[in-house]
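The working numbering applies: residue 300 is where the sequence shown begins, and numbers increase by one.
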Amino acid sequence: MILHGMAFIFFILCFLFGMTWLRTGLFNIANVKIKKWLHYLTNTPVKGVFTGSIVTAFIHSSSAVMVLTVGLASSGLIPFRQTIGIMLGSNIGTTFTLEMFTLDMNYLIIPSMVIGCILYFFPSPSVRSSGMICIGFGLIFTSIRAIQWLATPLTTHESLRSYIVEVNEHLVLALILGCILTAIIQSSTVVTGVTMGFLAAGSIDLHAGIAIMLGANVGTCITAYIASIGGGSQAKLTAYAHIWLNVIGVALFIPLIPLLSIFVQSLAGSPDLQLAHASVIFNIICSILVLPFANRYARLIERIHLNPKKG
């Protein structure tokens with residue numbers, strides 16, 4: 300049990316490290332272009348959604364995009380109301396990474412790691428960043444497979460079985476677990492990816508997996524909020540809008556978990572792919588519902604968080 304637990308923690312760290320390297324490598328290559336896209340291609344909510352989706356899918360991190368957005372709002376490069384579209388798009392774009400996790404990439408792990416290690420020692424920054432992307436890719440898929448393998452012996456152990464039963468039977472507990480873990484790790488993608496590993500191993504059921512995913516969408520708001528501290532009113536409004544958007548969306552979807560489970564089970568056979576589809580459906584529906592009212596939503600956030608201070 301101790302060895303399995305240590306191995307599980309090790310591969311969680313490898314997963315985090317792989318995501319960091321993949322994200323950093325991609326960001327280094329397209330840093331200037333990403334900032335230009337967020338600055339110039341977000342003057343309408345529709346453009347913001349499109350740009351936010353593409354950028355988030357590209358760098359595999361909604362948290363990184365939100366931190367960038369908070370920074371742009373703080374510096375005055377884009378107004379708060381212009382950040383709503385980016386926010387909606389980042390929620391959609393992050394689902395691309397989860398869908399990628401379900402692909403069978405085992406045959407690419409070793410070549411990717413070897414090529415990455417070679418490229419990393421080149422003096423050129425762009426080539427070195429490409430090496431980081433390859434190494435990150437290899438670490439991510441190695442970790443996913445390892446977590447799936449370790450999930451069964453971990454969750455069948457006596458000391459953990461009762462906790463797994465509680466998570467499966469009480470969706471609110473699963474939701475809180477997803478929220479807390481994401482707030483600590485600061486990556487909803489990692490938490491949901493690990494949950495997909497447990498689902499694939501049959502250790503938790505789909506209802507609990509969806510609840511953890513929903514909780515992760517709330518927990519990921521902490522990153523943007525931390526980035527907004529000391530950043531002025533525009534930055535704080537952006538963080539508050541992100542929090543309210545995800546909290547309200549999750550609150551609306553909690554009663555729909557059984558219905559969502561049935562629907563995604565009709566779309567895919569494997570539990571991990573079902574969870575990835577559930578994440579796509581949740582984020583797309585929430586974004587589509589808010590998009591026509593993006594400006595009104597922005598004004599509502601301003602009234603809630605600015606007017607009390609003015610009075």
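Cβ atoms here follow ideal geometry from the backbone N, Cα and C, with glycine treated the same way.
Note that the structure is a prediction, hence the values are computed from the model and not measured.
inquiry  = Given a cut-off of 7 Å on the beta-carbon distance, is the pair Val466 and Ala500 in contact?
reply    = Cβ distance not < 7 Å, so Val466 and Ala500 don't count as in contact.
query = Under the three-state reduction of DSSP, which class applies to Lys609: helix, strand or coil?
reply = Summary for Lys609: the model assigns pLDDT 46, below 50, so the residue's position carries little reliability, and this model does not support an answer.
request  = Rounded to whole angstroms, what's the CA-CA distance from Leu558 to Tyr462? Just pull it up for me.
outcome  = Approximately 25 Å, taken between the alpha carbons.
key: Cβ neighbour criterion (16 or more within 10 Å) applied to Leu544   = Looking at its Cβ environment, which holds 16 or more other Cβ atoms inside 10 Å, Leu544 is buried.
request  = Could you check which residue in Thr343, Ala526, Cys313 has the C-alpha nearest to that of Ile439?
outcome  = The shortest C-alpha separation from Ile439 is found at Cys313.
query = For the candidate residues Lys535, Pro554, Gly548, whose alpha-carbon lies nearest to that of Glu601?
reply = It is Lys535.
ask   = If you drop the 5 nearest sequence neighbours on each side, which residues of the same chain put their C-beta closer than 7 Å to that of Ala593?
value = Shown here for Ala593: same chain residues with a beta carbon closer than 7 Å to its own, the five before and five after excluded, namely Pro344, Ile383, Gly384 in chain order.
Pro422 burial status per 10 Å Cβ neighbour count (16 or more: buried) = Answer is exposed; the Cβ neighbour count stays below 16.
message = At the level of alpha carbons, what is the spacing between Cys416 and Glu398?
response = Here the alpha carbon of Cys416 sits roughly 26 Å from the alpha carbon of Glu398.
key: Phe310 versus Gly496: straight-line alpha-carbon distance, rounded   = The C-alpha of Gly496 is placed about 12 Å away from the C-alpha of Phe310.
ask   = In terms of alpha-carbon separation, which member of Gly324, Glu468, Thr319, Arg380 lies closest to Val348?
value = Answer by Cα proximity: Arg380.
task = Kindly list the residues whose CB is nearer than 6 Å to the CB of Ser411, restricted to its own chain and excluding five residues on each side of it in sequence; keep chain order.
result = Leaving aside the five residues that flank Ser411 on each side, the residues in its chain whose CB is nearer than 6 Å to its CB run, in chain order, Cys433, Phe436, Gly437.
key: Local conformation of Ser569 per DSSP, three classes   = Residue state, collapsed to three classes: coil.
ask   = Does the pairing of the region 507 to 527 with the region 570 to 589 give three or more beta-carbon distances under 8 Å?
value = The region 507 to 527 vs the region 570 to 589: in contact.
ask   = Nearest-angstrom Cα distance between Gly548 and Cys585?
value = Answer to the nearest angstrom: the Cα atoms are 6 Å apart.
ask   = From Val489 to Leu315, what does the alpha carbon distance come to, in whole angstroms?
value = Taking the Cα positions, Val489 is about 7 Å away from Leu315.
ask   = Measuring CB to CB, does Ala526 end up less than 7 Å from Val354?
value = Pairing Ala526 with Val354 gives a Cβ-Cβ distance that is not under 7 Å.
ask   = When DSSP labels each residue in this structure, what does Met404 get in the three-state scheme?
value = DSSP places Met404 in coil when its eight states are reduced to three.
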